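Novice:
Numbering (this note's numbering), first residue to last: 31 to 305.
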């Protein structure tokens, strides 16, 4: 007998892991998950937590936790997930969000910069250097996090959900913030979504992605400071502003919830400003 489909979008009782959730988009996703009933949310991040993390944590006492781990090393991710299972007793969802970017015209990239972005030796980089190792984080890190989560779901007998953070850059280039390496890496993440969804459907594991457009974060503060920004918005379609981080949350919450039990291998663009 099939399970009764859920009519309500809720994360009640669920334990969710989010990579790169100590700040920015990841922390915003964590906030939305807890606002929708998540039992516990774990940030898996190589960085330190800050004041923003503390403020969100205080709104949800005992629910938001941080685990220090390098997501580009599968053993580190496995240790983090094992810790979650030991503390919370379960894992129901994994948001693969950690990533970095570097915007620059393709003709201006030096050989050294491309090597930093694509080098197979990125695993030997120091934590400071990881900021420029975006393809290593985006692809290797994304794959490792998804695979560790899938193994945990299978071991528990849980029909878990994996949600990747892709990007509108995987659909089309952005003239104002160009980055061929970043767009290529996010296109790879989106393709990975479809392939893993196909492979893991037999275990009841759903794999999807969300593609944000320009979002108001510490990394995009300069966008609205451009002298012609207001003029440019007049010629964009859609909603003429950057997204607030919280406006991304609904897509992630839906994909993580049981209301999305028949939703897999899709990407949800969250892109109010469409050029």
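In this text, a Cβ means the ideal position worked out from N, Cα and C, and glycines have one as well.
Keep in mind it's a predicted model, so treat the numbers as computed, not measured.
Would you identify the three-state DSSP class for residue 215, choosing helix, strand or coil?
Specialist: helix
Novice: Here's a check: name, in chain order, each residue in its chain whose Cβ is nearer than 6 angstroms to the Cβ of residue 120, leaving out the five neighbours to either side.
Specialist: 45
Novice: So that I know if they touch, is there some Cβ in chain D lying closer than 8 angstroms to that of residue 98?
Specialist: Absent here is chain D; the protein component of the structure consists of one chain.
Novice: So, are the CB atoms of residue 76 and residue 279 less than 8 angstroms apart?
Specialist: no
Novice: Who are the Cβ neighbours of residue 90 in its own chain at under 6 angstroms, not counting the five residues just before and after it?
Specialist: 64
Novice: Beta carbon of residue 204: closer than 7 angstroms to some heavy atom of the ligand NAP?
Specialist: Ligands in the displayed structure: none, and consequently the ligand NAP is not present.
Novice: For residue 236, which residues does DSSP report across the bridge?
Specialist: 191.
Novice: From residue 244 to residue 265, what distance separates their C-alpha atoms?
Specialist: 16 angstroms
Novice: In angstroms with no decimal places, state the Cα-to-Cα distance between residue 226 and residue 237.
Specialist: 7 angstroms
Novice: So is residue 216 buried or exposed if we call it buried at 16+ other beta carbons inside 10 Å?
Specialist: buried
Novice: Distance, Cα to Cα, residue 196 vs residue 68?
Specialist: 23 angstroms
Novice: Can you check the segment 85-149 for any beta strand (DSSP E) of at least 3 residues that lies completely inside it and give the ranges in chain order?
Specialist: 94-98 and 123-126
Novice: For the candidate residues 36, 141, 214 and 241, whose alpha-carbon lies nearest to that of residue 169?
Specialist: 214
Novice: Within the continuous alpha helix (DSSP H) that includes residue 284, where are the two ends?
Specialist: Where residue 284 is concerned, the enclosing alpha helix (DSSP H) stretches over 279-286.
Novice: Please report the straight-line C-alpha distance between residue 66 and residue 180, rounded to a whole angstrom.
Specialist: 23 angstroms
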